[in-house]
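In the UniProt record's numbering, the protein residues as written are 1 to 373. The block underneath contains the structure these notes are about, expressed in structure tokens.
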């Protein structure tokens, strides 16, 4: 926390302290003065208000309500308004260097088990799969396994791939086929040493119990669990959902549909038993993730908040499909008379089909209106 620069993260102004003699105002006069209501009834009613039964505190009947979470101005804006106060300042924040911050800890000679929880967005798998982390951790596993066979001590990390937001996928999708596809794409992306794969939904509470049991077993009583993923993959939402499912007092993380919500490494209390530690890390930048290059209003259009619905077009050669103002699919040649093109995207993102020869004019005339973004 800091109180010197309101534009920087952690800005917080300590509120003025309350007067120690402050008490909640209680109306001691009866509300009703009708003659049919006896004085004894009025007096009895007032005594109940002034002196509650069992010595309960009228000002704060629930002691847990007094435990207010203190957050900085940036987190407050994200929690309550879903946006940052000054978007221009966000660009000045340094990117999270996973290799320097976490990578060297994976290579340290320690007895503590290390579990890397890689969180990937099911609705944008390739755009949210952290390839750099996958390759780095897989290389560390290979190197440490080789050293372990030679009698050297070392830490062999476990990779747990968590595919979250599966509630956004069509309900007709087979979980078995999805997991097979996920393992194939993860292996192609550099994660050659997966310990396990979990398909979960933090919103619907799907798969969280199995995930927690798996992580607790892998981490052991003193292990370290690192939650990693690209920006807006849903790490903080997942951790909050896990904390809620296990019960107890858990650190509540700021979550918002804004890339880069988490700025630094946060140790999350109350999730893992014993002396095991869980760490949430800032979102990584992904070179193929388009949403991070958009402004906030444009991000709202591409953000997928409900189950994906297919929008299918039967298209002939020489026709195009505009996907908002983001991209265009042109059918230049085909061995058949027409083909079917199915678009899976946010329903807020407008689509338009027309002739390719009119595509440029269509974009110029309707960009920002019929073709948003």
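Don't be surprised by glycine CBs; every beta carbon is placed ideally from N, CA and C.
Looking at the backbone, the Cα of residue 233 and that of residue 358 are separated by about 37 Å. Residues 114, 137, 140, 155 and 157 of the same chain have their beta carbon placed closer than 7 Å to that of residue 106, with the five preceding and five following residues left out of the count.
Looking at the DSSP output, residue 279 shares a beta bridge with 226 and 267.
Around residue 347, the same chain offers 306 and 309 as residues with beta carbons nearer than 8 Å, after the five sequence neighbours per side are excluded. A Cβ-Cβ contact shorter than 8 Å links residue 130 with residue 229. About 11 Å separates the Cβ atoms of residue 211 and residue 225, ruling out a contact at the 8 Å cut-off. Secondary structure note for residue 320: its beta strand (DSSP E) is the uninterrupted segment 319-323.
For residue 345, the secondary structure class from DSSP, reduced to helix, strand or coil, is coil.
Residue 239 sits in a helix when the DSSP states are folded into three classes. Residue 281 places its beta carbon 8 Å or farther from that of residue 304. A Cβ-Cβ contact shorter than 8 Å links residue 322 with residue 328. In the DSSP assignment, the residues bridged to residue 315 are 339. Note on geometry: alpha-carbon atoms of residue 135 and residue 193 lie some 10 Å from one another.
Our two residues, residue 165 and residue 354, have alpha carbons roughly 33 Å apart in a direct line. Per the coordinates, the alpha-carbon of residue 237 lies some 7 Å from the alpha-carbon of residue 202. Close CB contacts of residue 218 within its chain, under the 6 Å cut and outside five residues either way in sequence, are with 115 and 158 (chain order). Shown here, residue 219 sits in a helix according to DSSP, grouped into three states. For residue 303, the three-state secondary structure derived from DSSP is coil. Contact annotation: residue 343 and residue 296 have beta-carbon atoms that are not nearer than 8 Å.
The beta strand (DSSP E) runs lying completely inside the region 135-214 and spanning 3 residues or more are 158-164 and 194-199, given in chain order.
In terms of Cβ geometry, residue 213 and residue 241 do not form a close pair [threshold 8 Å]. By the 16-neighbour rule on beta-carbons within 10 angstroms, residue 128 is buried. Closest by C-alpha distance to residue 163, out of 334, 216 and 122, is 122.
CA-CA distance, residue 283 to residue 208, rounds to 21 Å.
Going by DSSP, residue 354 is part of the beta strand (DSSP E) stretching over 351-355.
Distance from the CA atom of residue 177 to the CA atom of residue 198, rounded to whole angstroms, is 13 Å.
When DSSP states are grouped into helix, strand and coil, residue 125 belongs to the helix group.
Residue range 327-330 is occupied by the beta strand (DSSP E) that includes residue 328. A straight line joining the alpha-carbon of residue 290 with that of residue 173 spans about 25 Å.
CA-to-CA, the gap between residue 271 and residue 112 works out to about 17 Å. By the CB criterion at 8 Å, residue 215 and residue 160 fall inside the cutoff. Of the residues 326, 345, 319 and 324, the one whose Cα lies closest to the Cα of residue 333 is 319. If you look at residue 363, you'll find it in the alpha helix (DSSP H) that goes 359-366. Secondary structure at residue 246: helix, using DSSP grouped into helix, strand and coil. Under a 10 Å Cβ-count criterion, residue 288 is classified as exposed, with fewer than 16 other Cβ atoms of the shown protein chains found around its own Cβ. Minimum Cα-Cα distance from residue 299 among the listed residues 330, 119 and 326 corresponds to 326.
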